[in-house]
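Structure first, commentary second.
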Amino acid sequence: MGRTLQNTMVNLALENACDEAIYQLGLDMEELEDMEEDAGLGNGGLGRLAACFLDSMASLGLAAYGYGIRYEFGIFNQKIMDGWQMEEADDWLRYGNPWEKARPEYMRPVHFYGRTEHHPDGVKWVDTQVVLALPYDTPIPGYRNNIVNTMRLWSAKAPCEFNLKDFNVGGYIQAVLDRNLAENISRVLYPNDNFFEGKELRLKQEYFVVAATLQDIIRRFKVSKFGSREIVRTDFNTLPDKVAIQLNDTHPALAVPELMRVLVDEEKVPWEKAWDITVRTCAYTNHTVLPEALERWPIELFQNLLPRHMEIIFEINRRHMERVSSLYPGDVDRLRRMSLIEEGPQKKVNMAHLCIVGAHAVNGVARIHSDILKATVFRDFYELDPQKFQNKTNGITPRRWLVMCNPGLAEVIAERIGEDFVRDLDQLRKLLRFVNDDAFIRDIANVKQENKLKFAVHLQEHYKVKINPNSMFDVQVKRIHEYKRQLLNCLHIITYYNRIKKEPNKQWTPRTIMIGGKAAPGYHTAKMIIRLITAIGEVVNNDPVVGDRLKVIFLENYRITLAEKVVPAADLSEQISTAGTEASGTGNMKFMLNGALTIGTMDGANVEMAEEAGEDNLFIFGMRVEDVDEMDRKGYNAGEFYNRLPELKQAIDQIAGGFFSPKQPDLFKDIVNMLMHHDRFKVFADYEDYIKCQEKVNALYKNPKEWTKKVIHNIAGCGKFSSDRTIAQYAREIWGMEPSLERLAAPDEGR
């Protein structure tokens, strides 16, 4: 979520009033804003998408709640020491959180472990361990419509009786200390992005948020009368008409068996009816096709922690398999592929399959991603239920990502087309009228220059690095991952460095290349990539021949608040994942909206960005999905590229030979070995086209007017990438509700 103060002032139209009031108190608003900690309660795009969605749902007048876990420690703070990433705990609640309100009156019990008992009147889950879920509410204000929604985050609390029944065994003191075991559930965010780690504590977290949330939803459903706590509804047939549950990836997949458990075991609804209610209530958004990211829980772990849910999943699967075999008699391989239970040395529950079977809608997050789901990953399920599959291309909120982080640009736009674009981003199309207007071109270029100067000052104050504000700001900020190919960026840096060294008197386009992002603490390759970037920087930045024509900066501790500073200052946005691997990307949209040009592959939402702005206005390079598939069939041979391309060979030899690590010549041997012998993401295959494309970037940057015209085309094509459009589509096409731009009367206006 990042910081809340400025976003709240923007959405309430209070920024000027607050600035003035604070100024009259002899204080400085920016200084005050800088005291707030970021709420970093997610890993990357998926968590930030949820935050943008909350802003859009409130701004579109939808009665919607965002549910999650109130982690005591969010994503770690990244420190770079001697070029290496070090992690420190993110103690964001140290001084309290003024935006949250604890709601102990809505505390709920969550059960773990135990066993099941089958009786004639139904099934009981008994001898469980109980943890309490304590909700904390954070207000989510809509944009100037006087609507405020709620984000409800659950915190784990041990019940008073916890461990005390047997306190005479281990002693009273130990029993109280052991309360920590229960409360550890909401202690810390697992810091993996696009990677599944099958740890019991993580499964506990997933069930904890689901069980608490479903109790909350059902309580609210039952007490239909406003302000009344009496149970009014007992018939669950109308649940899907009143409630929609959107599963943000498979992390809350347990909502499917949990809703079944509540309906069947507790509310005594017959299985068929309960299943119909569950499917019509739930919908599933898939966020990745990387196999290592898909959640597959070992059955023994699952059985032990959630015995009743295991039984329910077996029954869901039995009925599902029955349906498949009746439609495809004798096709045993299809049964194996489509089962919720994966066979093997240890059986596993495939959570994506559970979500698809248990939901009435399944969507990807960009057109190309949704097409890949239907054609490959979930092909069997698409053949079975084609009507379930949809696309919902991601978006970003223009409130935080334009008005708030780039007020200069927002103002230049408003001067030309009015202020309505903040609510209706499609209106940016009107800027095409000004694409040849010299005054507008100059205004856009001036705003960018101011933002670059401001960011240069920030870097100097905080990191003691001096950069040339007239250089091209070439930025790649995102989680560090092999598929995002920060290594391809590194190879360009080295190639550009070598070219400058070879012909130092040529007129090179000056560049400041900034790379930022966190590596999961257990992801060795990602940490080595960071070390390589910092090592390249040490060499390049201290070479007098190069001077300030090339600088390499690793942006430490990339987070929402740093993104809000770097995005408005960027000239070039690097979106260079292997085609078919980045489901959508949302950083790409932020850069586009803030006047950067994109160099990128035809992957994720880049495809639709090129469509909206005109392909001529992006720097598109590299293999398409079809080319990658073809190369997989033939076999990717890195050595072939290494031997054919002298500049690539030189760069790799420098990395391997210790040119960037003279004190430890073999420091990067693992990276070189990976690139040469088992690179799943085919860095070398796109190297040549990437370098050529970067030459085109350099040439255009030398012509500021033509560059800025392309920038205007990009900004004008951003309308589709508002999360307001995305949420309006979810509302109409999945949830069955109608968004509204109506403004409620303010409290002081009366009715």
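Note that our numbering has the sequence shown beginning at 30, numbered continuously upward. The beta carbon of each residue, even a glycine, is placed where N, CA and C say it ideally should be. Just so we're clear, the structure is a prediction, and the values are computed from it rather than from any experiment.
Bridge partners - residue i, DSSP secondary structure assignment
i, result
"H147", "V152"
"G393", "N420"
"P164", "W183"
"Q107", "E116"
"N527", "Its beta-bridge partners do not exist; DSSP assigns none."
"W326", "V378"
"F648", "I628"
"R588", "In DSSP, R588 forms no bridge with anything."
"H140", "V159"
"A68", "G31"
"L276", "Y313"
"P170", "V177"
For residue i, the nearest candidate out of the options (CA to CA)
i, options, result
"A625", "V252, C519 and M501", "M501"
"N435", "F410, K483 and N465", "K483"
"S613", "N266, H398, F697 and A598", "H398"
"W128", "A667, M367 and G31", "G31"
"C311", "K302, H280 and V272", "V272"
"I756", "M64, A92 and L70", "A92"
"E531", "I260, V574 and T541", "The residue you asked about is not Glu; residue 531 is Lys in the sequence shown. The shortest C-alpha separation from K531 is found at V574."
"R445", "F469, P358, D453 and I425", "F469"
"D84", "V155, D48, M350 and R173", "R173"
"A548", "D695, P733, S690 and K507", "K507"
"E226", "I385, E762, D278 and L323", "L323"
"A599", "T630, E479 and E640", "E479"
"V740", "N623, C81 and Q679", "N623"
"P539", "P550, G551 and I522", "I522"
"N175", "N266, P149 and A42", "A42"
"P768", "L163, G90, V159 and W300", "G90"
"D632", "V486, D400 and N727", "D400"
"F224", "L488, P550 and V486", "P550"
"G687", "A639, Y671, D577 and A564", "A564"
"N527", "Y236, D453, A50 and I684", "I684"
Counted within 10 angstroms of its Cβ, other Cβ atoms place residue i as buried (16 or more) or exposed
i, result
"K493", "exposed"
"I509", "buried"
"T610", "buried"
"K17", "Any question about residue 17 goes unanswered here, given that the chain covers just 30 to 780."
"T422", "buried"
"D503", "buried"
"S606", "buried"
"Y525", "buried"
"S88", "buried"
"S752", "buried"
"H349", "buried"
"R365", "exposed"
"G643", "exposed"
"N617", "buried"
"K725", "exposed"
"M289", "buried"
"G171", "buried"
Unbroken alpha helix (DSSP H) run spanning residue i, endpoints
i, result
"Q35", "L34 to N40"
"N783", "Given a span of 30 to 780 for the chain in the structure shown, any question on residue 783 remains unanswerable."
"D362", "V361 to M367"
"A312", "Element bounds for A312: not the alpha helix (DSSP H) but the beta strand (DSSP E), C311 to T314."
"M350", "P336 to L356"
"T755", "S752 to Y759"
"F410", "R408 to L413"
"Q203", "Y201 to L206"
"I425", "Unbroken run through I425: none, as it is neither H nor E."
Start and end residues, beta strand (DSSP E) containing residue i
i, result
"E603", "L601 to Q604"
"W113", "W113 to E117"
"M618", "Where M618 is concerned, there is no enclosing beta strand (DSSP E), although the alpha helix (DSSP H) it sits in stretches over G616 to L622."
"K580", "L579 to L584"
"F237", "Careful: F237 lies outside any beta strand (DSSP E), inside the alpha helix (DSSP H) at E229 to K251."
"R540", "R540 to G545"
Practice prompt. Spell out a yes or no on whether the stretch 135-154 and the stretch 228-244 are touching, meaning 3 or more CB-CB pairs, one atom from each, closer than 8 Å.
Written response: yes
Would the stretch 104-121 count as touching the stretch 553-561 if we require 3 or more Cβ pairs under 8 Å? yes
**Stretch-stretch touch, CB-based, cutoff 8 Å, three pairs: the stretch 187-194 with the stretch 99-106** = no
Practice item. May I ask you to verify whether the stretch 358-375 touches the stretch 290-301, counting CB pairs closer than 8 Å and requiring at least 3? Key: no
Practice item. Examine the Cβ distances between the stretch 307-324 and the stretch 389-398 and report whether three or more of them are shorter than 8 Å. Key: yes
**Prompt:** Are the stretch 207-226 and the stretch 63-79 in contact at 8 Å, needing three or more beta carbon pairs?
**Reply:** yes
| request: Determine, using beta-carbon pairs with one atom in the stretch 452-469 and one in the stretch 584-604, whether at least three such pairs fall under 8 Å. | output: no
Practice problem: Kindly confirm or deny that the stretch 650-658 and the stretch 712-725 touch, where touching means at least three C-beta pairs closer than 8 Å. | Solution: yes
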